[in-house]
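Notes follow the structure.
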Amino acid sequence: MKKINWQYTLGEILIVIVGITIAFNLNQCAEEKKDKNLRDTYLENLKIDILADKEELTKNLKTLVKYKKEAETIAKVLNDTTIENYTITKKVFAISPLIEFTPQDITYKTLVNSGDFTLFNDISLKSAIQKHYSSDLQRVTKAYERQEIIHREYLGKYYIYNSDFDKMKKREFPFEDVRLLKRIVQSLGGAYTIQISATKMAITHCDSILKLTNP
27 MKKINWQYTL GEILIVIVGI TIAFNLNQCA EEKKDKNLRD TYLENLKIDI
77 LADKEELTKN LKTLVKYKKE AETIAKVLND TTIENYTITK KVFAISPLIE
127 FTPQDITYKT LVNSGDFTLF NDISLKSAIQ KHYSSDLQRV TKAYERQEII
177 HREYLGKYYI YNSDFDKMKK REFPFEDVRL LKRIVQSLGG AYTIQISATK
227 MAITHCDSIL KLTNP
């Protein structure tokens, strides 16, 4: 019977084990690099989305502050029930456009739906991102919905049923039921106040997340 060379056999086994270990480590390194590259891509896209949100919110904030001041001016002038000032008509129509905000959340939704959020190991950053999209921006959206409701349910109907556009063409005061118009304008002023507060908060949170994403 042939004698087994255990020293040689053990050496061969050891070589196989070392080879498997090296291959496993190389594969693990490759996976970690792949995960890191994917995480970095997500992070870069999130930064682009948040910067876009901040830019839109900052633009909206300037408009909201302007509209709020105009609404206060209009409400004061409308206290005079005998008003026949055509210039106030321009101010009323000036604050009529709806101010909208649409969050850029495609990257976040992709992260959540794909399960890739597990790639983020930084708990502070992960929590900040989740809070931003699931809570902070929801508050902003609801604040903007208030103005939309006032436009849809009150201002739009007021223009249809209480405005004489023929008078406006003649540069005459076109509004009937001035007291109702005043209440609508005051409601808009309140909506602008809430929007301003929510918008400022969202901008601050955008800055906080952007700071966390910087290396």
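In the numbering used here, the protein residues as written are 27 to 241. Think of the CB as a built atom: it goes at the ideal place given N, C-alpha and C, for glycine as much as any other residue.
Spatial neighbours of Tyr180 in its chain, beta-carbon cut-off 6 angstroms, leaving aside the 5 residues before and after: Ile210
Taking only the alpha-carbon atoms, compute the straight-line gap between Tyr187 and Glu81 and give it to the nearest angstrom. 37 angstroms
By how many angstroms is the C-alpha of Phe199 removed from the C-alpha of Asp131? 44 angstroms
Straight-line gap, Lys105 to Lys208 (C-alpha atoms, nearest Å): The amino acid occupying residue 105 in the given sequence is Asn; Lys does not appear at that position. Spanning the two alpha carbons is a distance of roughly 8 angstroms.
If you draw a straight line from the C-alpha of Ser153 to the C-alpha of Ser160, how long is it? 10 angstroms
Let me know the alpha helix (DSSP H) ranges lying completely inside the stretch 100–177, each 4 residues or longer, listed in chain order. 113–120, 132–140, 149–157 and 163–176
Is the distance from the Cβ of Tyr134 to the Cβ of Ile100 below 8 angstroms? no
Reducing DSSP to helix, strand and coil, say where Phe191 ends up. helix
Between Gln212 and the rest of its own chain, which residues show a CB-CB distance below 7 angstroms, the 5 nearest in sequence each way excluded? Ala101
Just to confirm, are Leu151 and Tyr68 a CB contact at a threshold of 8 angstroms? no
Using the beta-carbon count (16 or more within 10 Å), is Gly182 buried or exposed? exposed
Going along the chain, which residues of its own chain have a beta-carbon closer than 8 angstroms to the beta-carbon of Thr84, five neighbours each way excluded? Ile229
Could you tell me which residues DSSP puts in a beta bridge with Phe199? Answer is none; Phe199 lacks a bridge partner.
Is there contact here, the stretch 84–95 with the stretch 136–143, by at least three beta-carbon pairs under 8 angstroms? no
Over the uninterrupted alpha helix (DSSP H) stretch that includes Tyr218, give me the two end residues. Val204 to Thr239
Within 10 angstroms of the Cβ of Pro129, are there 16 or more other Cβ atoms? Answer buried if so, exposed if not. buried
Have a look at Met194 and Arg178 and give me their C-alpha separation to the nearest angstrom. 22 angstroms
Length at least 3, wholly inside the stretch 58–91: the beta strand (DSSP E) runs in chain order: none
Ignore the nearest five residues each way along the sequence and tell me which others in Ile176's own chain have a CB closer than 8 angstroms to its CB. Ile210, Ser213, Leu214 and Ala217
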